[in-house]
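*Asks:*
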Amino acid sequence: MVEGPGATRNSRKVQPAIGYTVESVGQEHLQEKLQDKCLAEVISVGKEVFLLFTSNREGEDSQEGETALRLHFGMSGCLYLYQDDIGTNSIPTWRRNTPSSLKIYLVSPDDPISRMCLETKDSTSNLLSARVARSKVMRLSKRDVCGDGFDPLAVMDAIVNKRSDAIISDAILDQDRFPGVGNIIKIEGLHRSKVHPKRIVSTLTRDELQAVVSSCRRYGMGWLSSGRAPAKAVYNQTVCGTCSAPSVRMVKLGDDLSRTTFWCESCQPLERRKENKERSAPAVRILPRTKPLNTTAKATPCCPQHGASSLLLKRVKKTNSVNRNRLFRLCKVRPCPYFVWADNHFPKCACRQTATLRVSKTERTGGRWFLSCRNAAAKPSDGYSTPRGCKFFAWAEDAQLKPFGNSLTPLL
């Protein structure tokens, strides 16, 4: 998800086009509404960017002719503004083949030769009243994690007044209470403030809540200033970057179960309830076995041309591939052809195929690696109407995980 820092940076990219007039729009449903209008202002709040256009027609009141175009960048959206004569050379090569979500061609009123193209990919857009857009920005600006007028007390009051019964990980994701905070900022902000994501807002002290808000703000501003997310201590990790313990848990919890939450059980303890006497299993804990398995892996592979440091660990993502979810290594130096399967030391299931390595995201065992039949992971969306594969399942042994080192991450 493109979080607040990404949306704010995208709004800044458009600033050079202010004052330019819309010459044409690539999307027909926007052409009539935006044709010949002037880009007057660009504002943003949270994960949203608003382009405000005014009328250039004589005799028409500028405010009456105002129109706002809302942009939202979803999971991986992006925005580019480039001189029309340069073309798409300013767009990274790997992005050029991605279909455009929006294309607006603008021309300078002072120099008709000066033309710009505003292009977005993997994003959504819709028209709305400029008055509504301005009102929303004014209402939420003090709570925007990357806003210039950020007021932590305003965020705290909004969370306490409206989300006191929610768990803190849900409360700070509420875009009406803390706009701009996404899953990464949430996870790292909670970790830095040493607050467990399942704590109820009403159980937090004022100092704890302030620490959460301040930590999210610092992480977001660090991301905004550099363009890259600061170092992640627990997000997509198995070993905590703070205490160096293998105690990172990952669970799908809260209102939005499509997002995985990470936390360190050592750094972010949850006060044990009386009725819950049994502690949940820590991440990557290995269960004892009475009969050891032969899990010895071969020596760590090495690219003969570029060395072991050039190798990347990847997973087959194609749903229609017979090797779906298998792990492999390849050389990051292009066009080096080096390739090797990284899971040959895994056992074979009853289907006589190499088992696939997955990670649990359940409440009790979240963060633990296990092996299963890769055909059993097929979903109806993959074209299968009935369950496939065998019922092979085994918790991963330490010796099976060791060859991957730090390359193995939960979201791989």
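Its first residue numbered 1, the sequence shown is counted upward by one per residue in UniProt numbering. Here a beta-carbon is modelled for each residue, glycine too, at the ideal position from N, C-alpha and C.
Measure the alpha-carbon distance for Tyr-105 versus Glu-23 and round it to whole angstroms.
*Replies:* 6 Å
*Asks:* Can you grab the Cα-Cα spacing for the pair Gly-77 / Cys-216, in whole Å?
*Replies:* Taking the straight line joining both Cα atoms gives about 22 Å.
*Asks:* So, does the CB of Ile-167 fall closer than 9 Å to a CB anywhere in chain D?
*Replies:* Absence of chain D from the displayed structure is noted, only one protein chain being present.
*Asks:* Might you give, ordered along the chain, the residues of its own chain that have their beta carbon closer than 7 Å to the beta carbon of Thr-5, omitting 5 neighbours on each side?
*Replies:* Residue 5 is actually Pro in this sequence, not Thr. Answer for Pro-5: Cys-146, Gly-220, Trp-223 and Leu-224, listed in chain order.
*Asks:* Give the DSSP-derived three-state secondary structure of Val-359 in the structure shown.
*Replies:* strand
*Asks:* May I ask you to report which of helix, strand or coil DSSP gives Met-116?
*Replies:* strand
*Asks:* Residues in the same chain with beta-carbon distance under 7 Å from Ser-407, minus the five sequence neighbours each way, listed in chain order, please.
*Replies:* Leu-313
*Asks:* Buried or exposed for Val-333, please, with buried defined as at least 16 other CB atoms from any protein chain shown within 10 angstroms of its CB.
*Replies:* Exposed, since its Cβ has fewer than 16 Cβ neighbours within 10 Å.
*Asks:* Give the secondary structure of Val-181 by DSSP, where H, G and I count as helix, E and B as strand, and everything else as coil.
*Replies:* coil
*Asks:* Would you identify the three-state DSSP class for Ala-229, choosing helix, strand or coil?
*Replies:* coil
*Asks:* Can you list, in chain order, the residues of its chain with a C-beta nearer than 6 Å to that of Pro-347? Leave out the 5 residues immediately preceding and following it.
*Replies:* Counting only Cβ-Cβ distances below 6 Å, and skipping sequence neighbours, we find Ala-355.
*Asks:* Rounded to whole angstroms, what is the Cα-Cα separation between Leu-30 and Ser-202?
*Replies:* 46 Å
*Asks:* Helix, strand or coil for His-196, going by three-state DSSP, please let me know.
*Replies:* coil
*Asks:* Could you give the residue range of the alpha helix (DSSP H) that holds Gln-353?
*Replies:* Where Gln-353 is concerned, there is no enclosing alpha helix (DSSP H), given that its DSSP letter is neither H nor E.
*Asks:* Just confirm the distance between the C-beta atoms of Leu-34 and Arg-70, as a whole number of angstroms; I'd bet it's less than 8 Å.
*Replies:* No, Leu-34 and Arg-70 are not in contact; Cβ-Cβ is about 13 Å, not under 8 Å.
*Asks:* Run the CB neighbour count on Gly-366, radius 10 Å, all protein chains shown included, and call it buried at 16 or more, exposed below.
*Replies:* buried
*Asks:* With three or more beta-carbon pairs closer than 8 Å as the criterion, would you say the region 261-271 touches the region 186-193?
*Replies:* With the cut-off at 8 Å, the region 261-271 and the region 186-193 touch.
*Asks:* Please tell me whether Glu-48 and Lys-136 are closer than 9 Å, where the distance is taken between their beta carbons.
*Replies:* Going by beta carbons, Glu-48 and Lys-136 fall inside the 9 Å limit.
*Asks:* How about the region 153-170 and the region 244-260: do they share at least three Cβ pairs that are nearer than 8 Å?
*Replies:* yes
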